Each structure stands twice: as C-alpha cells, then as structure tokens.
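The structure appears below as structure tokens.
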Amino acid sequence: MRDFAYVRARDVGHALGALGERANSMLLAGGTNVVDYMRTGALVADALIDISALPLRDIRVDQGSLRIGALARMSDVASHVSVKKFFPVVSEALELSASAQLRNMATIGGNLMQRTRCPYFREAGFACNKRRPGSGCAAREGFNRFHAILGGSEHCVATHASDFAVALIALDAVVHLESLSGSREVPLREFYRLPGETPQVESVLQPDEMIVSVTCARVPGATRSHYLKLRERASYEFALVAVAAIIDAPQGIIASARIAFGGVGTVPWRDGDAEQALTGCAIADADALRNAAKSALRGADPLRDNGFKVDLGRRALVRAVKAAGGGGQ
Amino acid sequence: MTELTGHRPEGSTQTEVTVALQINGKPVELLVKPLTSLLDALRERLQLTGTKKGCDQGACGACTVLIDGRRVLSCLTLLVQCDGRQVTTIEGLVAPHGQLHPVQAAFVQFDGFQCGYCTPGQIMSAVALLEERQTASDAEIREAMSGNLCRCGAYNGIVDAIRSVRDACNGSTPGAL
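Protein chains in written order, with the working numbering: chain D, 873 to 1201; chain L, 2 to 178.
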C-alpha cells in the first residue's frame, strides 16, 4: 500500500475542512472497502480522513419512519429491534450482506459508497474505465457472469454491490449530505449515476461532501417487506440476483408494490414496470404473479455469460412478492 | 490521548503516528505508519503470531480478533483506528495458569481443525458468536461462522465444538443435539 497522511476528525466540520485541504483525500469509516482497495491499488489516496469515531451512529424508528446515522455499523442496524419490526427488508438485506466480522466494522454510509466488486476493477492488470478512465472495459468481453444486465454502457457493466441500497431504494430513502457550504437531501433514486461515458463517477456526491444520515418515511407494507438474495453459496457472497419487495396487500390484493433489484444493474434497480404489473394481483394467484413478473427487468441487455439473470430475476420476484405479501415462499 | 493529526512535511514520504491501546489487557504504545494494519502490528511488531494472515483482503477470517468485545478482521483494520481501544487476540483467551478457554478445549475435543491455520480466527469468531447469541441454532451457527473459511473442510467439527459450548453454557449435556 502507498503511504498516506492520516487525520482523525474531531467533528463533522473538522472532517469536511480536512477533506477540502488536500486534493485526493478520502473519508475512512469502517475501512472494509477503502483499506482493501488501497492495498490492491484500485483506490489511491494521499490522505485518509478518519470519521469512524464521530457521533453519527444513532438509529431511530419513530411513527413508522426511519433515520440512520451514517456511521451506524451494519450489524447494529440489522439487529435493531424496531428496524426488524418495521423495516424487515432493511434488516434482512444487511443480515444477508458480507460476514459477521465485516458487518461489525462497516458503516451504512460506507456501504452506500462502496465500490463495485467487479474483478477487473480490483486487479490492476486489467483494463477498467472505473479504475483508469479511458483504459477500456475488460468485463465486456471477459468473464461476465456476475455483471449487469441493466444500466450498462460500452464503458462499464459492473454491478453495484450493496444489498442495503437495494432495500433503501425500494423504500424511497433520502440521503442527507453535508459540506462546508451547507447541507442538502438527495433521494437515493437520484443519488447513483449510470456509468455512461464516465463510469468512474458513481454518484452525485461532490468531493467536498459527506453523507451524515439516511432517512425513510413511512411506507405502506413496510412491516411485511422482504429481501430475497440468490447467490452461488449459502452465505458470505454477493448477489447474482436480489429482490427487495414491499407489498401492501390488505385484503390479499396488491394495492401497491415497491420493487427493487440487486445484482442485475449498474446501480440499485427500482423496477416501476414490475410495480405497475403487480398492482391489482392477488397474492395467492401464482399465475397472475408469474405473468406480472414478465414485465420486470424490461430493457435487459445480457452479456455472454449472464443471460440467466433475466429469468432468475423474474422467478425471484415472484417468490419475494409471495413472501412479503404473506403468501409463504 | 495522543494527538493523531498526521501531516506530511514537504519532501517527506510519510508521517508516523503514535497509537496507544490495550492488547489482551496490557497497555501498548506503538509508533507506526498510518498504513499499518492491526494484523501486521500484532504479528510483526508485537510477536503475537497467533493471529494469522490468510488472504489479507477480508475474505477468509483467519485474522479475526475482538475489538471492544466485537469480532472484526484485523487485516482490514488500520492500527491508527484502534487508539484507546481494547483488542483481544487468541493469546488473550488462555487463563493465566495456562488453562484453555472452553471454546479452545472444545475445538480440541471435537476435531475442529486439521492444519490449524484458520483455527485462531475460527475460535475468536466462535467466542464472539456465543456472546452474541447464546441460543444459536445449528443453522444460525453455520450462518454466523460463514466469515471464517477452512480449506481443510473441518466445518462439521467446528460446528460440533461450538454447539457443545453452547449447550454447556445453557446447562444441557454437551454434544447432545
């Protein structure tokens, strides 16, 4: 790993000041992604501003709404009694992420900002437009079983790795940002950027900003929500396909559905077409759900190795909707 | 508390930082480069080589230690982030007169290892797991231990060992399930 300067932030203002003082500074929270990728050379920073000890760890559930401080650890959010009760999709998405050790370290702000696990991003020997803009994308013609079928461009087809962000996008979460010039709120759906011509730019977060919290308003059906994650081993693995399903079906008929997919998009993928098709379906009517699921993942553009994700995603959707709607798995 | 604001003077390639922490109950102070991992500090500076370096990228769990009682990966923890904290390693589990921790004894009794390289990490993770969930089911034990890989495949023995300590703590016969 290349040497870097280290600054322990005393408060948010100090962190933001230090961030602006030097070009190529990065915030350090749990370190699980930053330390790993600095070691491989995928990330390079001249200074790390350590915010891990700042008091931004509160988790609050109040009248059906949720507020999580950016530095709450994944494990603390996942095991929080009210999160489990009122937002099971959030708790489940976190429990199904990484390992117990990593969940004890990683923060939720860091989780939202984590970089892709595309192996071509990780390894300096390959072309990668995210790591070295303009160098090309080794994944497009390489081994791309794990890559995106939605939201890709000729410059990048890396999936977004976070399960938590998929659950939050389904919940219409809002990200709260601070900089020395003020604060602003960005809906998570508008936070991530498609790769397009500039895959190295992954979000609308500016270099002088930091995430301080995430909030979700009350959403019908949230208490019965479900996160389904399909992967190549039983645990401790990123998603091939994941579904966050929030289903409001008071009389067994879907009044509203909120659906987001993980493992298929270059960003966490909210699926309005699936939501519309599911509305009005009876939870107990498996044929109707399967039929509605055909509307999901519209526009999918698979690569050589990942065409299976379309069918897998639609089947996963049916299972997740049944589970969320109380129809069993 | 040591002032940890690092800076890089003109012409210098790095700044060293003083870190003061407790390791296995003993106060330790080290002057390190900020890039030094807790794992490297334990092994290279303090000769606490019980904690193993497997992948050095957060994938295998061999380097698992406890910080303030919670299990974490020491390979992805910078030592500078441990200032003022309490670290427990496998060396810290043994009682002063040399008696094994119950989880260590159970790993021996139930063949929870073959080559032994992943074992310190497995044991630290298991100790934390039994603190987190005293009544973990077998399925929960497997899920909660998924961050510790064993290339010899001693998983059945590992689960048997953890189950026996769980049952002993809960007052039933070890290994009864």
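Think of the CB as a built atom: it goes at the ideal place given N, C-alpha and C, for glycine as much as any other residue. Remember, predicted model here, so these are calculated numbers, not experimental data.
| query | result |
| --- | --- |
| List the residues of chain L whose Cβ lies closer than 9 Å to the Cβ of Leu-974(D), in chain order. | Gly-59, Val-73, Leu-74, Leu-77, Gly-148 |
| By alpha-carbon positions, which one of Val-1086(D), Ala-1042(D), Asn-1001(D) ends up nearest to Ile-1131(D)? | Ala-1042(D) |
| With burial defined as no fewer than 16 other Cβ atoms inside 10 Å of the residue's Cβ, what is the status of Leu-1052(D): buried or exposed? | exposed |
| Going by the DSSP bridge assignment, what does Lys-1101(D) pair with across the sheet? | Ala-1114(D) |
| With 16 as the cutoff for other CB atoms within 10 Å, does Lys-1101(D) come out buried or exposed? | buried |
| Measure the C-alpha to C-alpha separation of Ala-162(L) and Arg-143(L) and round it to an integer number of angstroms. | 12 Å |
| By how many angstroms is the C-alpha of Leu-40(L) removed from the C-alpha of Ile-24(L)? | 12 Å |
| Bridge partners for Phe-1133(D) per DSSP, in chain order? | Val-1115(D), Trp-1141(D) |
| Taking 8 Å as the CB-CB cut-off, is Asp-1044(D) touching chain L? | no |
| Let's test the definition: count the other Cβ atoms within 10 Å of the Cβ of Thr-120(L) and tell me whether it reaches 16, buried, or not, exposed. | buried |
| So, with DSSP's three-state summary, where would you put Ala-887(D)? | helix |
| Determine the DSSP secondary structure at Glu-893(D), reduced to helix, strand or coil. | helix |
| Taking the alpha-carbon positions, what's the Phe-108(L) to Leu-49(L) distance? | 21 Å |
| Note down the Cα distance separating Ala-1010(D) from Pro-1067(D), rounded to an integer number of angstroms. | 15 Å |
| Are any of the Cβ atoms in chain B nearer than 8 Å to that of Glu-45(L)? | Annotation note: the requested chain B is absent from the structure, which comprises protein chains D and L. |
| In the DSSP output, which residue or residues are listed as bridge partners for Tyr-878(D)? | Leu-920(D) |
| Let me check one thing: in DSSP terms, what residues is Leu-900(D) bridge-paired to? | Asp-922(D) |
| Expressed to the nearest angstrom, what Euclidean distance is found between the alpha-carbon atoms of Leu-157(L) and Gln-110(L)? | Reading off the sequence shown, one finds Asn at residue 157(L), where the question assumed Leu. If I take the Cα positions, the gap works out to 13 Å. |
| Which whole-angstrom value describes the C-beta separation of Pro-879(D) and Asp-922(D), a residue pair presumed to lie in contact below a C-beta threshold of 8 Å? | One detail in the question is off: residue 879(D) reads as Val in this sequence, not Pro. Confirmed, about 7 Å. |
| May I have the straight-line CA-CA distance separating Asp-1212(D) from Val-1084(D), to the nearest angstrom? | The requested residue 1212(D) does not occur in the structure, where chain D is confined to residues 873 to 1201. |
| With DSSP as the reference, label Asp-1177(D) as helix, strand or coil. | coil |
| For His-1032(D), which residues from the same chain have a beta carbon less than 6 Å from its beta carbon, with the 5 sequence-adjacent residues on both sides left out? | Val-1139, Pro-1140 |
| Alpha carbon to alpha carbon, what distance is there between Ala-1111(D) and Glu-1104(D)? | 8 Å |
| Would you call the CB atoms of Arg-167(L) and Ala-137(L) closer than 8 Å? | yes |
| Should Ala-1030(D) be labelled buried (16 or more other beta-carbon atoms within 10 Å of its own) or exposed? | buried |
| Mind listing the chain L neighbours of Gly-903(D)? Cutoff is C-beta to C-beta under 7 Å, in chain order. | Leu-77, Thr-78, Leu-79, Gln-82 |
| Hey, is Arg-911(D)'s beta-carbon within less than 8 Å of any beta-carbon in chain L? | yes |
| Using the Cα positions of Tyr-1099(D) and Ile-1126(D), report the straight-line distance between them to the nearest angstrom. | 18 Å |
| Mind pulling the chain L residues with CB within less than 7 Å of Phe-876(D)? | Pro-35, Leu-36 |
| Rounded to a whole number of angstroms, what is the C-alpha to C-alpha distance between Leu-949(D) and Pro-1092(D)? | First, the residue type needs correcting, since residue 949(D) is Val and not Leu in the sequence shown. Computed Cα separation, rounded: 21 Å. |
| In chain order, what residues of the same chain lie with their CB nearer than 8 Å to the CB of Phe-114(L), ignoring the 5 residues before and after it? | Phe-108, Thr-120, Gln-123, Cys-151, Cys-153, Ala-155, Gly-158, Ile-159 |
| If we ignore side chains and look at the alpha-carbon of each, how far apart do Asp-908(D) and Gln-986(D) end up? | 11 Å |
| Are the CB atoms of Gly-982(D) and Ala-901(D) within a distance shorter than 8 Å? | yes |
| Output yes if chain D places a C-beta closer than 8 Å to the C-beta of Gly-117(L); else output no. | no |
| Could you name the residues that DSSP lists as bridge partners for His-1048(D)? | Glu-1057(D), Ser-1085(D) |
| Taking 8 Å as the threshold (C-beta atoms), are Phe-958(D) and Ala-1164(D) in contact? | no |
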